[in-house]
Amino acid sequence: MSLLTGKVAVITGAGAGIGRAHALAFSQEGAQVVVNDLGGDRAGGGKGSEAADKVVAEIKAAGGDAVANYDSVATREGADALLWTALSKFGKVDVLVNNAGVLRDRSLLNLTDADWDLVHAVHLKGTFYCSQVFGRQLKVQGKGGRIINTTSVSGLLGNFGQGNYAAAKAGIYGLTRTSAIEFAKMGVTVNALAPVALTRMTEDLKMMKGVSADQLGPQHISPVAVFLASDLAADITGQIVGVEGAHLFLYKMEKTAGTDKAPAAGIWSPREIREAWGKISGS
Ligand code: NAI
Numbered sequence: 296m297s298l299l300t301g302k303v304a305v306i307t308g309a310g311a312g313i314g315r316a317h318a319l320a321f322s323q324e325g326a327q328v329v330v331n332d333l334g335g336d337r338a339g340g341g342k343g344s345e346a347a348d349k350v351v352a353e354i355k356a357a358g359g360d361a362v363a364n365y366d367s368v369a370t371r372e373g374a375d376a377l378l379w380t381a382l383s384k385f386g387k388v389d390v391l392v393n394n395a396g397v398l399r400d401r402s403l404l405n406l407t408d409a410d411w412d413l414v415h416a417v418h419l420k421g422t423f424y425c426s427q428v429f430g431r432q433l434k435v436q437g438k439g440g441r442i443i444n445t446t447s448v449s450g451l452l453g454n455f456g457q458g459n460y461a462a463a464k465a466g467i468y469g470l471t472r473t474s475a476i477e478f479a480k481m482g483v484t485v486n487a488l489a490p491v492a493l494t495r496m497t498e499d500l501k502m503m504k505g506v507s508a509d510q511l512g513p514q515h516i517s518p519v520a521v522f523l524a525s526d527l528a529a530d531i532t533g534q535i536v537g538v539e540g541a542h543l544f545l546y547k548m549e550k551t552a553g554t555d556k557a558p559a560a561g562i563w564s565p566r567e568i569r570e571a572w573g574k575i576s577g578s
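In this note's numbering, the protein residues as written are 296 to 578.
Here it is as structure tokens:
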């Protein structure tokens with residue numbers, strides 16, 4: 296039996312790039328797939344049904360089962376409507392992949408409110424809305440489930456020109472850790488991918504010059520999503536899996552061993568902190 300037979304998977308932003316690869320891979324493993332995509336441009340302008348429809352057609356042509364949804368995950372109404380699409384077509388949900396994304400890169404000094412708000416609305420609020428709406432449904436169903444979020448090296452380590460995006464992606468890191476803790480009692484695992492892949496989001500980046508689709512295409516990311524969605528990963532939650540082509544690894548928040556001051560010696564003074572900085576920072 297395939298890894299996701301009998302599962303219903305909802306994948307946001309599945310009309311292109313990594314989301315499309317997820318949708319095809321999930322279907323190949325037997326899942327019924329809800330292909331969500333707003334169908335706009337990379338910066339979040341416009342909308343349309345073509346992107347999601349094309350992926351649904353690809354899945355059906357390969358013998359799979361899928362339905363399209365064109366709502367924006369950036370609104371609560373959109374997240375509600377997405378759940379409704381899944382329930383009305385397939386009667387339940389098992390897996391949510393929060394993948395939809397937009398990019399509005401500018402250095403911090405040049406960011407506008409609109410650049411900040413839109414990027415946060417799609418990435419962080421979209422992940423919150425969908426996690427809450429689908430989490431409530433998974434609780435009612437009472438059979439556990441899987442949530443797979445999408446963060447980024449930009450949010451985890453920082454990147455020039457991506458203050459808005461990095462902050463939103465770092466927020467997704469925190470939300471992943473916290474929802475993994477909160478949803479554990481429902482049998483719902485929550486993990487995140489931190490991918491690097493050649494898509495329309497990254498095709499004009501310097502680091503992608505000369506990189507081939509074979510080396511760094513979205514097809515490398517989706518097997519990890521399938522793994523996390525499957526019974527193979529029932530015991531894995533709260534993890535951030537880096538996927539860069541064939542290279543797989545985990546991101547971990549570091550806490551140094553630090554150092555203590557004896558209570559009798561009073562509170563730390565700024566100069567003592569300077570002196571102890573080597574021990575505090577673990578260097
Ligand atoms: P992409 O631009 O090819 O695909 C993103 C999809 O999300 C598009 O089809 C778009 O229409 C859809 N979308 C945008 N706003 C939406 C909304 N409000 N509601 C529903 N759908 C919406 O980009 P890519 O590269 O496939 O990115 C997928 C995810 O992976 C994003 O969250 C991105 O931030 C993340 N990521 C990608 C990296 C890469 O190297 N490509 C690196 C790190 C993270």
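C-beta atoms are modelled at their ideal positions from N, C-alpha and C, and glycine is treated no differently. As the structure is a prediction and not an experimental result, all values here were calculated from the model.
- Message: Please report the distance separating the alpha-carbon of ASP260 from that of TRP379.
- Response: The first residue shown for the chain is 296 and the last is 578, placing residue 260 beyond what the model contains.
- Could you tell me which residues DSSP puts in a beta bridge with TYR546? ILE535
- Query: Say the cut is 7 Å; is the CB of ASN331 nearer than that to a heavy atom of the ligand NAI?
  - Reply: Yes; taking the cut-off as 7 Å, the Cβ of ASN331 has a heavy atom of the ligand NAI nearer than that.
- Task: Kindly provide the ranges of any beta strand (DSSP E) runs that are 3 or more residues long and lie completely inside the stretch 445 to 511, ordered along the chain.
- Result: 483 to 491
- Under the three-state DSSP convention, the category LEU391 falls into: strand
- Query: So, helix, strand or coil for VAL414, using DSSP?
  - Reply: VAL414: helix per DSSP, three-state reduction.
- Query: So what's ARG337 in DSSP terms, helix, strand or just coil?
  - Reply: Coil, per DSSP.
- Message: So for VAL305, helix, strand or coil by DSSP?
- Response: strand
- Run of the beta strand (DSSP E) containing GLN514, from where it starts to where it stops: Where GLN514 is concerned, there is no enclosing beta strand (DSSP E), given that its DSSP letter is neither H nor E.
- Heavy atom of the ligand NAI less than 7 Å from the Cβ of VAL397, yes or no? yes
- Are GLY439 and VAL483 closer than 8 Å when you measure CB to CB? Against a cut-off of 8 Å, the Cβ pair of VAL483 and GLY439 comes out as a contact.
- Run of the beta strand (DSSP E) containing ALA627, from where it starts to where it stops: Nothing can be reported for residue 627, as the shown portion of the chain is limited to 296 through 578.
- Answer yes or no: do ASP366 and ALA381 have a C-beta to C-beta separation smaller than 8 Å? Not a contact, by the Cβ cut-off of 8 Å.
- Message: Taking the alpha carbon of GLY453 as the reference point, which residue from ASP400, GLY341, ASP408 has its own alpha carbon closest?
- Response: ASP400
- Classify VAL397 as helix, strand or coil using the three-state DSSP reduction. coil
- Message: Just verifying my parser: in three-state terms, what is the DSSP assignment at ILE313?
- Response: helix
- Query: Which first and last residues belong to the beta strand (DSSP E) in which VAL329 is found?
  - Reply: 327 to 331
- Within 10 angstroms of its Cβ, does PRO490 collect 16 or more other Cβ (buried), or is it exposed? buried
- Message: For THR551, tell me which candidate among ASP509, ILE535, TRP572, LEU433 has the shortest Cα-Cα distance.
- Response: TRP572
- Query: To the nearest whole angstrom, what separates the beta carbons of ALA346 and GLY334, a pair I think is in contact under 8 Å?
  - Reply: 4 Å
- Item | Beta-ladder partner(s) of ALA361, from DSSP | VAL328
- Message: I need the straight-line Cα distance from PRO558 to GLU567, nearest angstrom please.
- Response: 14 Å
- Residue from GLN534, GLN436, GLY512 whose Cα sits closest to the Cα of SER474: GLN534
- Taking C-alpha atoms, which residue in GLY430, MET296, VAL362 lies nearest to VAL485? GLY430
- Reduced DSSP category for GLY430 - H, G, I as helix; E, B as strand; rest coil: helix
- Query: DSSP three-state call for GLY373: helix, strand or coil?
  - Reply: helix
- Query: Less than 7 Å between the CB of ASN394 and some heavy atom of the ligand NAI, yes or no?
  - Reply: With a threshold of 7 Å, the Cβ atom of ASN394 counts as near the ligand NAI, since some heavy atom of the ligand is closer than that.
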